[in-house]
Amino acid sequence: METLKRAFNDRRAVVGALILIVLGLMALLAPLLAQHPPSQLSNDTWLHPNSQHWLGTTALGQDVFSQLLYGSRLSLLVGLVTGLIATVISVIVGLASAFFGGVVDDILSGITNIFLVLPGLPLVIVAAAYLQVSGVVPVIAVISFTGWAWGARVLRSQALSLRDRDFVQAAVAGGEGPLRVIFAEILPNMVGLIAANFFGAALYAVLAEAGLEFLGVGDVSQVTWGTMLYWAQSSQALLQGAWPWIATPGLCIAALGTAFALLNFAVDEVANPRLRSERVAAESKPLALKPAGAPPAGDALLQLRHLEAGYLTEKGTVRAVKDVNLEVHRGEFLGIAGESGCGKSTLAFAVAQLLRPPGQVLSGEVWLNGQELVRLPPEALRQTRWKDFSMVFQSSMNALNPVMRVGDQIADAMRAHGVSDKSLIEARVKELFGMVGIRPEYMVAYPHQLSGGMKQRVVIAIALALEPRLVIMDEPTTALDVVVQRSILQEIDAVRRRLNLSIVFITHDLSLLVEMSDRVAIMYAGEIVELAPSHDLYANPLHPYTRRLMNAFPPLEGERTRRDGIAGRPPDLGRVIQGCPFAPRCDRAMTGLCEVVAPLRLEVSAGHVVACHLYDPNVMKGRAEDHAIAAD
Ligand code: SF4
Numbered sequence: 157m158e159t160l161k162r163a164f165n166d167r168r169a170v171v172g173a174l175i176l177i178v179l180g181l182m183a184l185l186a187p188l189l190a191q192h193p194p195s196q197l198s199n200d201t202w203l204h205p206n207s208q209h210w211l212g213t214t215a216l217g218q219d220v221f222s223q224l225l226y227g228s229r230l231s232l233l234v235g236l237v238t239g240l241i242a243t244v245i246s247v248i249v250g251l252a253s254a255f256f257g258g259v260v261d262d263i264l265s266g267i268t269n270i271f272l273v274l275p276g277l278p279l280v281i282v283a284a285a286y287l288q289v290s291g292v293v294p295v296i297a298v299i300s301f302t303g304w305a306w307g308a309r310v311l312r313s314q315a316l317s318l319r320d321r322d323f324v325q326a327a328v329a330g331g332e333g334p335l336r337v338i339f340a341e342i343l344p345n346m347v348g349l350i351a352a353n354f355f356g357a358a359l360y361a362v363l364a365e366a367g368l369e370f371l372g373v374g375d376v377s378q379v380t381w382g383t384m385l386y387w388a389q390s391s392q393a394l395l396q397g398a399w400p401w402i403a404t405p406g407l408c409i410a411a412l413g414t415a416f417a418l419l420n421f422a423v424d425e426v427a428n429p430r431l432r433s434e435r436v437a438a439e440s441k442p443l444a445l446k447p448a449g450a451p452p453a454g455d456a457l458l459q460l461r462h463l464e465a466g467y468l469t470e471k472g473t474v475r476a477v478k479d480v481n482l483e484v485h486r487g488e489f490l491g492i493a494g495e496s497g498c499g500k501s502t503l504a505f506a507v508a509q510l511l512r513p514p515g516q517v518l519s520g521e522v523w524l525n526g527q528e529l530v531r532l533p534p535e536a537l538r539q540t541r542w543k544d545f546s547m548v549f550q551s552s553m554n555a556l557n558p559v560m561r562v563g564d565q566i567a568d569a570m571r572a573h574g575v576s577d578k579s580l581i582e583a584r585v586k587e588l589f590g591m592v593g594i595r596p597e598y599m600v601a602y603p604h605q606l607s608g609g610m611k612q613r614v615v616i617a618i619a620l621a622l623e624p625r626l627v628i629m630d631e632p633t634t635a636l637d638v639v640v641q642r643s644i645l646q647e648i649d650a651v652r653r654r655l656n657l658s659i660v661f662i663t664h665d666l667s668l669l670v671e672m673s674d675r676v677a678i679m680y681a682g683e684i685v686e687l688a689p690s691h692d693l694y695a696n697p698l699h700p701y702t703r704r705l706m707n708a709f710p711p712l713e714g715e716r717t718r719r720d721g722i723a724g725r726p727p728d729l730g731r732v733i734q735g736c737p738f739a740p741r742c743d744r745a746m747t748g749l750c751e752v753v754a755p756l757r758l759e760v761s762a763g764h765v766v767a768c769h770l771y772d773p774n775v776m777k778g779r780a781e782d783h784a785i786a787a788d
């Protein structure tokens, strides 16, 4: 139901479906709509369109409109049946080949390759000439028989890439049988491709049938759009001014192709939620950002001013980053921590100007070394990125190109920014490998020859290639074990000190951050709720969320104690949140206050900022007075 609703909301789907319905009705209602039998001869030859013959008549006096209606029956039948048969064969062969692999793949791929080189149209011509069956059956049989191989090849490639994805491996590990994995896990991810395969095969069949008939190879005694074109051409209809005879079947074929194309776009979007979100974002009015204010006066390398970022969805704007004000100093290691979904990664992407639709910066400013990034033109931003700042992504181990040597991938990043001296690049790649703790002989290795930790080091080396002033690291070591994680972090820290880099390091592991960072910012529901020097935050966490977050991880030293999680879930960022966003989960929430009034961010000691009513002297004083009055 939801799918149908979405399809109806898509203009392309509606237009495509309407065209297809009109063509379908023409075929179904032909006996009712046609004023004359389609092949009936008469003496009224070459008539122009009139009330008796809406599209005129042919050289033999047949009614063109009736021929068009009846012609749509066989033409559409050929298209739909052939498309269906070819698609079913493609799906079965492609999926079986990819999923079972080994001998099954070898045999099916061999058969597919043979069918790929079979010439479809010549075969149809031979079949039409030699088969004893007349009509469109040989056309359907031969095009279906020869037309599935290309689709099977494409679907096999797609299924092969899906087969190795984590969600499929998880389903296999979870005990799901092969058929369930194929039909419940892999197939739904290929709906767009399968639909494209069907529409392509169906249109090819209609065109092939029309082409053959037009050449006079098929059974020209039947009425199809193709035979109409054949007879119109051979009777020189255009010279006689009978243009509807030749134009209307051509228009119908073009309309069918258009309907398939429009429906294909819509199926893609209905099947792929990501495409849907991108369309919503693309259709939304671009947000008009206010002009940036004056450049920051201090010596901070990075300054965020009232930065807001989020995602434009069908249900409205999800504000994932709210009014963030933050400074990062030269050479500083700033940690940002918080649960999943609290806006950390969106903040990192907003700073790096890497948010893609439906994500976007909603308002605010990002100043890096005197340059405002949000309003920077794309080419200037491209030049700045990697030279002035770089980013290490959460899934960066997958960011390496599998068919390129890792050393070349670092060299590529340098070439993209104008470094062309080969010996300079080679020396720099060697140096970077040394910096991140990889032996230089691995420069010629491919990513699959490296361990996860080594791949991550390569990605960090790429980020350091141009010695940017700032490196943003979005959970770069989360997928690694603690030993490798620690060793990589120590190397990052050593490089930072040596090059005086600033690092913004994002993770959910607060204990790790407290140890590595100069300052730590705690994010909750898109806001920075506490910001403090690491030692201060460790010794004296103030915000109830920070305390709970700290208690969720083992301490760096001391006895082993039981860890508690944080009960409840972060709020839905698509809704307007009233009061303190942590109130529903806070064990110190003050009834009548916290769920209604949002706390201010206040500096409670040098560099220690917190957004909680408990540390707002005015609020607490007023509350104490209220209690005193109530007690009286
Ligand atoms: Fe808890 Fe209230 Fe502080 Fe929010 S403002 S963290 S609800 S005490």
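Numbered per my numbering, the sequence shown finishes at 788, counting up by one with no gaps. Glycine included, every Cβ here is placed at the ideal spot set by N, Cα and C. None of the values given here were measured: they were computed from a predicted structure.
For aspartate 479, the enclosing beta strand (DSSP E) starts and ends at 472-484. In the three-state reduction of the DSSP assignment, isoleucine 245 falls in the helix class. Considering only Glu623, Arg512, Trp542, Val244, the residue with the shortest C-alpha distance to valine 651 is Glu623. Counting only the Cα atoms, threonine 268 lies some 59 Å from arginine 741.
Per the Cβ contact rule, the region 576-594 is not in contact with the region 535-550 (fewer than 3 Cβ pairs under 8 Å). In this structure, glycine 227 sits away from alanine 398, with a CB-CB distance that is not shorter than 8 Å. For alanine 327, the secondary structure class from DSSP, reduced to helix, strand or coil, is helix. With a contact defined as Cβ atoms closer than 8 Å, glutamate 483 and serine 519 miss out at about 18 Å. Linking alanine 340 to leucine 311 through their CA atoms gives a straight-line distance of about 16 Å. Within the model, the alpha-carbon separation for alanine 366 versus glycine 406 is close to 9 Å. DSSP places alanine 739 in no alpha helix (DSSP H); its state is neither H nor E. Inter-residue distance for serine 222 and asparagine 420 is about 30 Å (C-alpha atoms, whole angstroms). Judged by their CB atoms, cysteine 408 and tryptophan 381 are nearer to each other than the 8 Å cut-off.
Listed in chain order, the non-local C-beta contacts of glutamine 396 below 6 Å within the same chain comprise Trp202, local neighbours out to five positions each way being set aside.
Taking the CA atoms as reference points, serine 496 sits about 57 Å from valine 295. Sixteen is the threshold: since fewer than 16 other Cβ atoms of the shown chains lie within 10 Å of the Cβ of proline 334, the residue is exposed. Relative to the ligand SF4, alanine 739 has its C-beta within less than 7 Å of a heavy atom.
DSSP, reduced to helix, strand and coil, places histidine 604 within a helical segment of the structure shown. Proximity to leucine 620 across Gly590, Ala601, Pro737 peaks at Gly590, based on C-alpha coordinates. Counting along the chain, methionine 560 sits inside no alpha helix (DSSP H), nor does DSSP assign it H or E at all. When DSSP reads this structure, histidine 764 sits in a beta bridge with Ser761. For a cut-off of 8 Å, the C-beta gap from leucine 179 to leucine 359 is around 12 Å, too long to register as a contact. DSSP places serine 207 in no alpha helix (DSSP H); its state is neither H nor E. In the displayed model, glutamate 369 falls within a helix according to three-state DSSP. Within its own chain, the residues whose Cβ lies closer than 6 Å to the Cβ of lysine 586, once the five positions on either side in sequence are excluded, are Pro596, listed in chain order. Taken in chain order, the whole beta strand (DSSP E) runs of length 3 or more contained in the region 489-526 are 489-493, 515-524. Annotation: the continuous beta strand (DSSP E) that includes glutamine 459 extends over 458-469.
With distances taken between CA atoms, glycine 307 lies nearest to Val244 out of Val244, Gly331, Arg321, Val282. Arginine 461 sits close to glutamate 521, with the two beta carbons spaced by under 8 Å. The beta carbon of valine 775 is closer than 6 Å to those of His769 in its chain, skipping five residues each way along the sequence. Distance from the CA atom of methionine 629 to the CA atom of arginine 538, rounded to whole angstroms, is 18 Å. Contact check for valine 347 against alanine 427 passes: the beta carbons are separated by less than 8 Å. DSSP places leucine 687 outside any alpha helix (DSSP H); the residue lies instead in the beta strand (DSSP E), whose first and last residues are 683-689. Residue burial annotation: serine 501 is buried, with at least 16 other C-beta atoms found within 10 angstroms of its C-beta. For methionine 570, same chain residues with a beta-carbon under 6 Å away, outside a window of 5 residues either side, are Ile581, Ala621 in chain order.
Taking C-beta separations shorter than 6 Å and ignoring five residues to either side along the sequence, the partners of proline 194 in its chain run Ser222, Gln223, Tyr226, Val379, following chain order.
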